[in-house]
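Student:
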Amino acid sequence: MGEKLLKLGKEFFARDAKTVARELLGKVLVRVVDGETFKAKIVETEAYFDNKDPASRACKNGNLKEVMEDEPGSILVYGVHNNWLINFVTGKKGKAEAVLVRAVEPLNFEANTKGPGLLTKALKIDKSLHHKNLFNNKEIWIEENEKTGKGSEGSFEIAEAYRIGIKKDLPEKLRFYIKGNKFVSKK
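Here my numbering = 1-based position in the sequence shown + 615.
1) Since residue 758 contacts residue 623 with CB under 8 angstroms, what's their CB separation in whole angstroms?
2) Which of the three DSSP states is assigned to residue 654 in this structure?
3) If I follow the unbroken alpha helix (DSSP H) through residue 681, where does it start and stop?
4) Quick check: the Cα distance between residue 736 and residue 791, rounded to an integer number of angstroms?
5) Figure out for me which residue from 685, 663, 667, 649 has the closest Cα to the Cα of residue 749.
6) Rank 678, 634, 644, 741 by C-alpha distance to the C-alpha of residue 775 and give the top, closest one.
7) At 3 residues or longer, what runs of the beta strand (DSSP E) sit wholly inside the stretch 707-791?
8) With a threshold of 8 angstroms between beta carbons, is residue 697 in contact with chain B?
9) Let me make sure I understand the geometry here. Which of 667, 772, 713, 730 has the alpha-carbon closest to that of residue 784?
10) Taking its Cβ as the centre, do 16 or more other Cβ atoms sit within 10 Å of residue 800, making it buried, or is it exposed?
11) Go ahead and label residue 704 buried or exposed: buried means 16 or more other beta carbons lie within 10 angstroms of its beta carbon, across all protein chains shown.
12) Residue 635 by DSSP, collapsed to three states: which one?
13) In its own chain, which residues sit with a C-beta less than 6 angstroms from the C-beta of residue 646, not counting the 5 before and 5 after it?
14) Within its chain, find whatever has a CB closer than 6 angstroms to the CB of residue 727; leave out the 5 residues flanking it on each side and keep chain order.
15) What is the C-beta distance between residue 682 and residue 746, in whole angstroms, given that I count them as a contact (C-beta under 8 angstroms)?
16) Compare the beta carbon distance of residue 713 and residue 798 with 8 angstroms and say whether it is the shorter of the two.
17) Return helix, strand or coil for residue 798, following the three-state DSSP convention.
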């Protein structure tokens, strides 16, 4: 199977944030820096919505809200506590939704990636990727993981929890992670 067939397309991200957050688990985040390719399995995500979601970046006007309302597959990068966080826009253009990648499992490198700031440091993700998209991108994209198909050796159970580090949250579990994975930020 060629690389282009493995890359996730716009249709994957053109769905609601909760669905995409669950289905990103097990997929492979690929980052190319200075000719070196880093691959990491996504093991923890959180879904965020429009201005009715008190924890969403869409609650404030400005660039972050505008990017959240952009095309599905757009990359949203912002800083929290001196760390960059990476999100992928989901849903329909004009409706703010995004998925935060909270933790990844390194597949071809070693690093502490048990949290959104740690994974962006390990993968050298910064504001330069902000408002780019995942498609036709030579620096970052997401691929299917052939080892995590249903019934295969790499299948897993998904756990749900409330989002982490939020003062005011929605009454719904919007954090998803691979149960038992040692790279999940908090059990």
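Where a beta carbon is used, it is the ideal one built from N, C-alpha and C, also for glycine. For clarity, every value in this text was computed on a predicted model and none was experimentally measured.
Tutor: The relevant details are as follows:
1) For the purposes of this step, residue 758 is taken as residue 143 along the sequence shown, with counting starting at 1. For the purposes of this step, residue 623 is taken as residue 8 along the sequence shown, with counting starting at 1. Right, the Cβ-Cβ distance comes to about 7 angstroms (below 8 angstroms), so this counts as a contact.
2) What you label residue 654 is simply residue 39 of the sequence shown in a count that begins at 1. Residue state, collapsed to three classes: strand.
3) The residue you call residue 681 lines up with position 66 of the sequence shown. Where residue 681 is concerned, the enclosing alpha helix (DSSP H) stretches over 678-683.
4) As a first step, residue 736 must be located in the sequence shown, where it is residue number 121. As a first step, residue 791 must be located in the sequence shown, where it is residue number 176. When rounded, the distance between both Cα atoms is 22 angstroms.
5) Locating residue 749 in the sequence shown gives position 134, counting from the first residue. Considering only alpha carbons, the answer is 685.
6) Here residue 775 refers to the residue found at position 160 of the sequence shown. Cα-wise, what sits closest to residue 775 is 634.
7) 713-721, 755-758, 773-776
8) No chain B is present in this structure, which holds just one protein chain.
9) As a first step, residue 784 must be located in the sequence shown, where it is residue number 169. Selected option, being the one with the closest Cα: 667.
10) Indexing the sequence shown from 1 puts residue 800 at position 185. Answer is buried; the Cβ neighbour count reaches 16.
11) Here residue 704 is taken as the residue at index 89 of the sequence shown, counted from 1. Per the 10 Å Cβ criterion, buried.
12) To locate residue 635, count along the sequence shown from 1; it is residue 20. Looking at residue 635 - three-state DSSP - the assignment turns out to be helix.
13) Within the sequence shown, numbered from 1, the residue matching residue 646 stands at position 31. Taken in chain order, the residues that qualify are 653, 738, 755.
14) Position 112 of the sequence shown, counted from the first residue, corresponds to residue 727. Correct list, in chain order: 733.
15) Working through the sequence shown from its first residue, we reach residue 682 at position 67. Working through the sequence shown from its first residue, we reach residue 746 at position 131. Going by Cβ atoms, the distance from residue 682 to residue 746 rounds to 5 angstroms, so yes, they are a contact pair.
16) Here the question's residue 713 lines up with position 98 in the sequence shown. Here the question's residue 798 lines up with position 183 in the sequence shown. Cβ distance not < 8 angstroms, so residue 713 and residue 798 don't count as in contact.
17) For this step, residue 798 is matched to residue 183 along the sequence shown. If DSSP states are grouped into helix, strand and coil, residue 798 belongs with coil.
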